[in-house]
Amino acid sequence: MLRTDEHIKKDIVDNLFWNSSVDASDIKIEVNGGRVTLSGTVTNYAAQISAITETWDVKGVKKIENNLRVKYPDEVETLMDEDVHCRAVSVLAWNPDLESSDITVEVENGIVRLNGSVDTFWKKEKAERLTGELRGVMIVENNLAVVPSEKTQDQSIAAYILEVMKRNLKFDIDGITVSVNNGLVSLSGTVPDKRAFKEAADAARFTLGVTGVDNNLEVED
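Numbering (our numbering), first residue to last: 9 to 229.
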């Protein structure tokens, strides 16, 4: 049965208020044809990620536009930028997947800026996730450049992604279009469910030579 926008919105609200890691009192939710817009404020960067995850878990959600901002409660003592910087550098240095010597960290008013380079796109995402989970972080500006260790032609990257999809995804991929421009992958079309959405995106983000992923896939009703 087709779910109405009202039903979808109610379930999103219930999910957000159920999750104790998210203060949803200042989150505004709009739903139009299953396409959800989140706006307003949350208390930290990690809560923003949790809010998006909880929204995706609701049946009927096709796409999410995230306009949430981070605003720490007045009664919460925030860390000094120097402390945030120290923790960010440390968490990157201790992670075995990252070559932290190629990453520089700047912190200003709780805004973390990551500069430098990594050799795969998933490492760029991981660096953002690790620093975003730290206390005192309001925004992560991820300026890391993805510089693959070997040059791969766009046509080959697209072929690799489609090959992985055909081999590993348990649904018909005829509804997915993969295009690549200078390593930047664009995914468009439709997938049957949320799991398929994630698996299709993973097929792109973990492929060698990919420098970015623009995921425009939509989940079918």
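For each residue, glycine too, the CB sits at the ideal point set by N, CA and C. On a predicted model such as this, the values are computed, not experimentally measured, just so you know.
Buried or exposed for residue i, going by 16 or more other Cβ atoms inside 10 Å?
| i | result |
| --- | --- |
| residue 41 | exposed |
| residue 228 | exposed |
Does the distance from the CB of residue i to the CB of residue j come in under 8 Å?
| i | j | result |
| --- | --- | --- |
| residue 215 | residue 165 | yes |
| residue 11 | residue 79 | no |
| residue 199 | residue 193 | no |
| residue 223 | residue 209 | yes |
| residue 62 | residue 23 | yes |
| residue 174 | residue 181 | yes |
| residue 211 | residue 169 | yes |
Just curious, the alpha helix (DSSP H) that residue i is in, first and last residue?
| i | result |
| --- | --- |
| residue 172 | 162 to 176 |
| residue 57 | 53 to 64 |
| residue 133 | 129 to 140 |
| residue 149 | Counting along the chain, residue 149 falls outside any alpha helix (DSSP H), though it belongs to the beta strand (DSSP E) covering 147 to 150. |
| residue 207 | 202 to 213 |
Go through its chain and collect everything with a Cβ distance to residue i's Cβ below 7 Å, but skip five positions before and after it.
| i | result |
| --- | --- |
| residue 75 | 45, 46 and 47 |
| residue 64 | 72 and 202 |
| residue 27 | 58 and 62 |
Within a Cβ cutoff of 6 Å, which residues of the same chain sit near residue i, ignoring the five residues on either side of it in sequence?
| i | result |
| --- | --- |
| residue 19 | 66 |
What is the residue span of the beta strand (DSSP E) that residue i lies within?
| i | result |
| --- | --- |
| residue 23 | That residue, residue 23, is in no beta strand (DSSP E); its alpha helix (DSSP H) goes 13 to 26. |
| residue 115 | 111 to 116 |
| residue 98 | Note, residue 98: premise wrong, no beta strand (DSSP E); alpha helix (DSSP H) at 89 to 102. |
With a CB to CB cut of under 8 Å and the five nearest residues on each side skipped, what residues in its chain are close to residue i?
| i | result |
| --- | --- |
| residue 15 | 68 |
### Message
Count Cβ pairs between the stretch 116 to 126 and the stretch 143 to 156 that sit closer than 8 Å; are there 3 or more?
### Response
yes
#### Entry: Inter-stretch contact at 8 Å, needing at least 3 Cβ pairs: the stretch 53 to 73 / the stretch 97 to 109
no
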